[in-house]
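Structure record follows, encoded as structure tokens.
Chains as they are written, first to last, in this note's numbering: chain E, 11 to 175; chain L, 37 to 536.
In structure tokens, the structure reads:
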């Protein structure tokens, strides 16, 4: 799925020289799991648990969320004993801009229609790239919006708002 | 026997109709077209192209989707060989020796090997499905809630054991997936769980939304944050054929790969990837000259490619026979069926014989088309590979948004996709495998329902899972798979194969 770099392919081909000590990843992932589990336990605190014969709607949620909290704690403990501390490098620009582009599509499609929503989404999304070519961008956005409008709105006749109303 | 021949004849009759052949061809073509574009896997391809199938008849739509899936898979292998860019996880292995062959000027041979091995595997498994499905339907009749539950548990256990990286993180992914699957109204009582008072969430979150976010959108973000693309230099094509020696080396590997892939693909949670890794490991192990692997051994292309296609195809079995989608691709197919008003269930073969057998026969046609499309058009695919990602990703992004919106005409779901994209990036950065999460998300609600029914049947006695023979057998299989993890030999092989 993602472009592999040299080391990935080598790692897939040969056994890794040493087990990668990634304590930071374990701790952060453990924190995430525990937080989500705890939140689920809190939100579902009133769900009826029931018994094994008649399980209530809260039976599995509590078991699953509890398990998630437990696993998160185990992962955090494992992370603390691991050697090495290298938190993953996050590149925020594409993450923020791509999310924003999708959210803008969701916010505009119903009222402004396919053409405008496409135009906005592509314009915002295209800025997420490593090198943005400003002269190219309007043509890419217009071209894609027009293409999708014709394809989905007119050729395939999918029922969706095409123009602002 | 005559029953099988009859069913197959019915299927081939349906699949060979002009319109079905056309949609099969179209699906395979578009699937390959999108699949060769770097950075788009089969799931994203299917979700993007889902709207194209809405206006078709159900049979046509499913045949086209199946074609898209095969096409996308094959497209992935093409980029793996030519550029060392696996389109998806199951062609990671093809990169190793396929790209090495390409570097030695044997790209054409590698591609032809991949196409022929895939076609062979596809043919064998199509026959296998046809032969096995009456027996499977019979077996499905014996499946009660306890058996369903145990089978799905086996799927989840297998997904952990065969996942990439740390098993503990995979277990976490499973729990998170189960929790996400619980969102929505409780089937038995209608009680809203984790819906945050949003009416859109009462039916639960759609599989397409989850997989599109985790695989489609997150993939774009990861690709864009990945620094300069680490792809190998593009290699030149050579003659698209195999010499006699190539054939001799490739066919036993193909045979073994087919068997292995078909077997592992049936397992829920297995699918195509597992088979390709296992096949590569086995070919390397039994070879007299293991040092050639990684340097362009043709067995290293033929075996995994056969296995991955066999697995892709046999993963249809649990869905067609039991109504259990074993991986996210199958869940996507099940989603498409539901859109057309067909519930995937064990009765599919008897209630919709045309659709069932037509789909199975069209798998063979799909594989044949791939052979016909890919070998002559390979020059075109190579040109497409040259398209810079900077031009591609805005289009992928937009198609993803439109694809999701059209499923339910729901803007809310598009917003959810952004959320899952974010989750996908964070989890991927923290090296948490995503495939088990999606599988647990798909199987979770079905497991809950069957668990409750089993408990009602047994009056709350959990020993029902041990007292019914099929269920007991499946649970023993779970224990055996877990035991694999404790074996040092398996652990080493697992680390070697999956620690990517």
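Quick reminder that beta carbons are idealized off the backbone N, C-alpha and C, glycines included.
Assigned with DSSP and collapsed to three states, residue 65(E) falls in strand. When C-beta distances to chain E are compared with 9 Å, the residues of the stretch 493-522 of chain L below that value are 494, 495, 496, 497, 498, in chain order.
Ranked by Cα distance from residue 39(L), the options 170(L), 371(L), 354(L), 249(L) are led by 170(L). Around residue 420(L), the same chain offers 72 as residues with beta carbons nearer than 6 Å, after the five sequence neighbours per side are excluded. Assigned with DSSP and collapsed to three states, residue 138(E) falls in coil, not helix or strand. Membership of residue 358(L) in any alpha helix (DSSP H) is not indicated, and neither H nor E is assigned to it by DSSP.
When DSSP assignments are scanned along the stretch 374-444 of chain L, the uninterrupted stretches of alpha helix (DSSP H) that are 4 or more residues long and fall wholly within it turn out to be 384-387, 389-421, 425-444. Pairing residue 253(L) with residue 216(L) gives a Cβ-Cβ distance that is not under 8 Å.
Counting only Cβ-Cβ distances below 8 Å, residue 159(E) has no contacts in chain L at all, with the closest Cβ about 10 Å away. Contact of residue 71(E) with chain L by beta-carbon distance below 8 Å involves 215, 218, 229, 230. For residue 198(L), no alpha helix (DSSP H) segment is defined, and its DSSP state is neither H nor E. For residue 110(L), the enclosing alpha helix (DSSP H) starts and ends at 94-119. In this structure, the CA atom of residue 284(L) is about 18 Å from the CA atom of residue 315(L). Residues of chain L with a Cβ closer than 8 Å to the Cβ of residue 43(E) are, in chain order, 208, 211, 212.
Ranking 321(L), 80(L), 187(L) by CA distance to the CA of residue 251(L) puts 80(L) first. Per the coordinates, the alpha-carbon of residue 325(L) lies some 9 Å from the alpha-carbon of residue 333(L). With at least 16 other beta carbons inside 10 angstroms of its own, residue 380(L) counts as buried. Look at residue 100(L): its C-beta is not under 8 Å from any C-beta on chain E. Here residue 67(E) is not near residue 50(E), since their CB atoms are 8 Å or more apart.
Secondary-structure assignment with DSSP links residue 221(L) through a beta bridge to 228(L). Residue 91(L) sits exposed, since fewer than 16 C-beta atoms from the chains shown fall within 10 Å of its C-beta. Shortest Cα-Cα distance from residue 401(L) to any of 106(L), 388(L), 178(L), 444(L) involves 106(L).
Close CB contacts of residue 335(L) within its chain, under the 7 Å cut and outside five residues either way in sequence, are with 285, 286, 289, 319, 323 (chain order). Taking the Cα positions, residue 244(L) is about 43 Å away from residue 327(L). A Cβ-Cβ separation of about 10 Å leaves residue 117(L) out of contact with residue 151(L) under the 8 Å criterion. The distance from the Cβ of residue 344(L) to that of residue 202(L) is about 24 Å, inconsistent with a contact at the 8 Å cut-off. Residue 50(L) and residue 154(E) have their C-alpha atoms some 37 Å from each other.
Where residue 487(L) is concerned, the enclosing alpha helix (DSSP H) starts and stops at 471-493. Straight-line measurement puts the Cα of residue 63(L) at about 24 Å from the Cα of residue 144(L). By DSSP's assignment, residue 60(E) forms a beta bridge with 65(E). With fewer than 16 neighbouring CB atoms inside 10 Å of its own CB, residue 516(L) falls in the exposed class. By the beta-carbon neighbour count (other beta carbons within 10 angstroms, threshold 16), residue 294(L) is buried.
In this structure, the straight-line span from the alpha carbon of residue 280(L) to that of residue 353(L) is close to 35 Å. Only those residues of the stretch 462-477 of chain L whose C-beta falls short of 9 Å from the nearest C-beta of chain E are listed: 462, 463, 464, 465, 466, 467, 468. The three-state secondary structure of residue 40(E), taken from DSSP, is helix.
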